[in-house]
Structure formats: C-alpha cells, structure tokens
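Engineer:
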Ligand code: CA
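Numbering (my numbering), first residue to last: 111 to 480.
1. Is the segment 350-362 close to the segment 417-426, with three or more CB pairs under 8 angstroms?
2. Over what stretch of residues does the beta strand (DSSP E) that includes residue 219 continue unbroken?
3. Straight-line CA distance for residue 203 to residue 479?
4. Keeping to the same chain, check which residues put their C-beta closer than 6 angstroms to that of residue 302; ignore five residues upstream and five downstream.
5. Thinking residue 392 and residue 269 are a contact (beta carbons under 8 angstroms), I'd like their distance in whole angstroms, please.
6. Is it the case that the Cβ atoms of residue 281 and residue 321 are separated by a distance below 9 angstroms?
7. For residue 373, is the beta carbon positioned less than 8 angstroms from some heavy atom of ligand 1?
8. With a threshold of 8 angstroms (Cβ to nearest heavy atom), would residue 483 be considered close to ligand 1?
9. In the structure shown, what three-state DSSP assignment does residue 472 receive?
10. Give me the residue from 181, 248, 271 with the minimum Cα distance to residue 569.
11. Would you decide whether residue 398 is buried or exposed? Buried here means 16 or more other CB atoms lie within 10 Å of its CB.
12. Exposed or buried, what is residue 464 when buried is set at 16 or more other beta-carbons lying within 10 Å of its beta-carbon?
13. So what's residue 124 in DSSP terms, helix, strand or just coil?
14. Compute every distance between the C-beta of residue 362 and the non-hydrogen atoms of ligand 1, then say whether any falls below 8 angstroms.
15. If the criterion is Cβ atoms closer than 9 angstroms, does the pair residue 231 and residue 218 meet it?
16. Beta carbon of residue 156, beta carbon of residue 213: below 9 angstroms?
17. Which residue's Cα is closest to the Cα of residue 300: 438, 336, 413?
18. According to DSSP, is residue 357 part of a helix, a strand, or is it coil?
19. Verify whether the separation of the beta carbon atoms of residue 225 and residue 447 is less than 9 angstroms.
20. Are residue 429 and residue 373 touching if we call contact CB-CB under 9 angstroms?
21. Taking just the CA atoms, how far does residue 308 sit from residue 287?
22. Does any heavy atom of ligand 1 sit closer than 8 angstroms to the C-beta of residue 327?
23. Please list the terminal residues of the continuous beta strand (DSSP E) segment that includes residue 269.
24. In three-state DSSP terms, what is residue 334?
25. So, does the segment 255-269 touch the segment 358-372, judging by three or more C-beta pairs under 8 angstroms?
26. Give me the residue from 453, 188, 197 with the minimum Cα distance to residue 211.
27. Roughly how many whole angstroms lie between the Cα atoms of residue 175 and residue 240?
28. Take the Cβ of residue 238 as the centre, count every other Cβ of all protein chains shown within 10 Å, and call the residue buried at 16 or more, exposed below.
29. Which partner residues does residue 352 have in the DSSP bridge list?
30. Could you check whether the Cβ of residue 381 sits closer than 8 angstroms to any heavy atom belonging to ligand 1?
31. Less than 8 angstroms between the CB atoms is what I'm expecting for residue 168 and residue 318, so what's the real figure, rounded?
32. Pick from 336, 151, 186: whose alpha carbon is nearest that of residue 165?
33. I want to check one thing, is the minimum distance from the CB of residue 275 to the heavy atoms of ligand 1 below 8 angstroms?
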C-alpha cells in the first residue's frame, strides 16, 4: 500500500470507530459489536482417521481450529477420530443423513455409491497433487464433483492432500504382473478395482485396522499413504518390501463433507470462513507430508531394514492399460461417470504435457545432477 493511501485509510478507520463508539455507548469497540451479531454454533466432525496419524487427521484439526479462530470461538466444530462417532468408512452416510453436521474423509471410499466420486480423491495414473488442485479449483473439477454430491445431500470441500503416495508393503517381491495374482491386498478406490483386473483380491480397510490384518496374514499386502504415516502404523514390522510409485494415488485429495441442509443454516460469513479454512487445510497437509516424508523414508531404510523396490515397467504398463479400460467401460455404462471422465481426461493430457515442459524437466535435472 502507498503511504498516502495508508494515511487516508487510517484516518477513515479512526473516524468510523469514533462514530460507532458515539452511536452505541454500551459497546466498548466496533469489533465486539460485530461479533455479537453472529450466532454461536457447535458442530461435530466425524473423520475416517485415527488420532495417531497427525498429518491426515491434521486436515480436520486445521479446518476446525482455523474456523474457531476466525470466528472468535463462535463457530466451534469438534473433530472426532474414526470409531468415536461413526466408523472410519461411515462418514459419508453420517453426513448425508444428518447424524453429524460434517466430516473429514476421502470420497473414493464411497465409489460403491457412485464410481465417479473417485475423481474427487485420486484415480490410478491420474493427476499429481498440483494438477489435482488445478483441476478442482480452476479446471471444472470441484463443480463436477459438487453436482454429484448434491444428489447425496452433501457439499464437499477439498481439505488436504497427501502428495504422490507409495506403492504399498509386500511380504515378498513382485516382479511381473503374474506375481500379483491371488494376493489379498488392502487397497481402496479405483486402485482396488484396477488391482482386481490384475488378479488381486482387493480389500478396503480403515487406516487403524491395516497393521493387524497384515501382521496376522489376513492380507498379504497393504498400501496406506507414504513413509511418515506408514512408519506410524508400523507396517514395516509386518512386511519388508516397500514399493513405489503409488500409481493409484498420484495426488489424492481429502475432503470436508457438510450436510447440505446444515450448510444452508450457516450465516454467509461462516460459509466463507469454512471455505477459507478448508483451503488452508488443503495446502497445509501437502506441505507437511512433503516436509516429513523424505526423513521418514531414510529412517525406514536405515533403522528398520526396509527394502525399497520400484514397480517394473511391465506392471506399470499393465496397470495403466487396465485402468483406462476400466474408465472407458464405466463411461459407456454410466452417464455421470462419462460427464466427469471425458473433460477430466482432456485436462489430464493437457496439463501433463505442460508439466513435462516445466516442473518435470527441472525436477529430473536436479535429481540427476545433485
Ligand atoms: Ca493410499
């Protein structure tokens, strides 16, 4: 701001405060007078996460803390870990039927309700975190997803991203597509559907239940997020081979769901604040994961004897082929899926061409010339 404007605005601010004080002698300040016009509201937020996963559960905490701070405590949402209000994968139903006002979860847990919900989180061989945000906020993505959620009495807000994930924990090495056949693996969303086409028995378990299932041999392999979270879950104690890349989740978005009728009861100011807080949660979670994952990967390898393995090109090519066959089939059977998928695919092809020129070329030069 130029100095002259600053002086003018300050003078106007002082005059306004003086006028307000003169008009309402019982109010000591204009701020207090403004606050008292907005209602006190208490909500509960069900989540899909255990408390121990501070990054992903942190998406719920950031959202609630920032809303509380920006409203002087008047709009107070309390987050709850998975299992306290409802089970980790029951957040959608609880928000839809109004059992809770809002939730923090991942849309792709609920592809049984509508397979196109996967695009709001991440799909195999889809968008990186940066590309996903571009699609959601400026590529028609959020609008497309909101159209679907409206049919479920829910309004959704991006509120976290893990960045590109790891490709999961295996008890033995996986070298060819044939090695996947018959494996029982915890992998949700369309990633699970693609794995099924490669012969895997895919299962969806909430984060807090993965370790026990893998450790006891109820499943042979499991994916969760990446080094920082996977170390916290102790997955390295149950399987030693840690694969990359997590081709089914190049940049998954976590979301805040709000019951549509409850959303409409909010004052406009609280709606704006909730939206702003979710933007902050969306950015903050990605920054935190990116800052922590490198160190955690080093600890897993050096202190826990984890063996890092890259998926072979044969597996990646077979998986990508199966993924796009699945999308094309879904699009021909389901008009909603087609409506999201076709513009999404155009967006993916364009942004991937651009990012290979800018981000990818400099990142690969730096990685190879340290
Ligand atoms: Ca995952």
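Positions of the beta carbon are idealized from the N, C-alpha and C atoms, including for glycine.
Computed from a predicted structure; not experimentally measured.
Structural biologist: Looking at the coordinates:
1. Verdict: yes, contact present.
2. Within the chain shown, numbered from 1, the residue matching residue 219 stands at position 109. In the DSSP annotation of this structure, residue 219 is not part of any beta strand (DSSP E), being labelled neither H nor E.
3. Here residue 203 refers to the residue found at position 93 of the chain shown. Here residue 479 refers to the residue found at position 369 of the chain shown. Going by the C-alpha atoms only, they are around 50 angstroms apart.
4. Counted from its first residue, the chain shown places residue 302 at position 192. Contacts found: 312.
5. Your numbering for residue 392 matches position 282 in the chain shown. Your numbering for residue 269 matches position 159 in the chain shown. With 8 angstroms as the limit, residue 392 and residue 269 qualify as a contact, their Cβ atoms being about 6 angstroms apart.
6. In the chain shown, the residue the question calls residue 281 occupies position 171. In the chain shown, the residue the question calls residue 321 occupies position 211. No. Outside cutoff.
7. For this step, residue 373 is matched to residue 263 along the chain shown. Answer for residue 373: no, Cβ out of range of ligand 1.
8. For residue 483 there is no data in the structure shown, the boundaries of the chain being 111 and 480.
9. Here residue 472 is taken as the residue at index 362 of the chain shown, counted from 1. If DSSP states are grouped into helix, strand and coil, residue 472 belongs with the helices.
10. A query on residue 569 cannot be resolved here, the shown segment of the chain reaching from 111 to 480 and no further.
11. Position 288 of the chain shown, counting from 1, holds the residue named residue 398. That one is buried.
12. The residue given as residue 464 occupies position 354 in the chain shown. Its Cβ having fewer than 16 others within 10 Å, residue 464 is exposed.
13. Position 14 of the chain shown, counting from 1, holds the residue named residue 124. No answer about residue 124 holds up, because its pLDDT of 42 lies below 50 and its placement is not dependable.
14. The count along the chain shown starts at 1 and reaches residue 362 at position 252. Yes, since a heavy atom of ligand 1 falls inside the 8 angstroms radius drawn around the Cβ of residue 362.
15. Here residue 231 corresponds to residue number 121 of the chain shown, with the count starting at 1. Here residue 218 corresponds to residue number 108 of the chain shown, with the count starting at 1. Their beta carbons are under 9 angstroms apart, which means residue 231 touches residue 218 by this criterion.
16. As a first step, residue 156 must be located in the chain shown, where it is residue number 46. As a first step, residue 213 must be located in the chain shown, where it is residue number 103. Yes. Within cutoff.
17. Counting from 1 along the chain shown, the entry for residue 300 is found at position 190. Out of 438, 336, 413, 438 has the C-alpha closest to the C-alpha of residue 300.
18. As a working mapping, residue 357 is identified with position 247 in the chain shown. Correct three-state label for residue 357: coil.
19. Within the chain shown, the letter at position 115 stands for residue 225. Within the chain shown, the letter at position 337 stands for residue 447. Result yes, Cβ atoms of residue 225 and residue 447 sit closer than 9 angstroms.
20. The residue given as residue 429 occupies position 319 in the chain shown. The residue given as residue 373 occupies position 263 in the chain shown. Contact flag unset, no.
21. In the chain shown, counting from the first residue as 1, residue 287 sits at position 177. In the chain shown, counting from the first residue as 1, residue 308 sits at position 198. For residue 287 and residue 308, the distance between alpha carbons rounds to 7 angstroms.
22. Against the chain shown, residue 327 aligns to sequence position 217. Not so, every heavy atom of ligand 1 lies at least 8 angstroms from the Cβ.
23. In the chain shown, the residue the question calls residue 269 occupies position 159. Residue 269 -> beta strand (DSSP E) spans 264-271.
24. Here residue 334 refers to the residue found at position 224 of the chain shown. Residue 334: coil per DSSP, three-state reduction.
25. yes
26. Along the chain shown, read from residue 1 onward, the residue named residue 211 stands at position 101. Checked all of 453, 188, 197; the closest Cα to residue 211 is 188.
27. Here residue 175 refers to the residue found at position 65 when the chain shown is read from its first residue. Here residue 240 refers to the residue found at position 130 when the chain shown is read from its first residue. Rounded to the nearest angstrom, the two C-alpha atoms are 25 angstroms apart.
28. Taking the first residue of the chain shown as position 1, residue 238 is located at position 128. When all chains shown are included, residue 238 counts as buried.
29. The count along the chain shown starts at 1 and reaches residue 352 at position 242. According to DSSP, residue 352 bridges with 279, 418.
30. In the chain shown, counting from the first residue as 1, residue 381 sits at position 271. The answer is no for residue 381.
31. As a position in the chain shown, residue 168 is number 58, starting the count at 1. As a position in the chain shown, residue 318 is number 208, starting the count at 1. Not confirmed; about 16 angstroms, so no contact.
32. The residue given as residue 165 occupies position 55 in the chain shown. The candidate whose alpha carbon is nearest that of residue 165 is 336.
33. Sequence index remark: in the chain shown, residue 275 carries index 165 (1-based). The nearest non-hydrogen atom of ligand 1 is less than 8 angstroms from the C-beta of residue 275.
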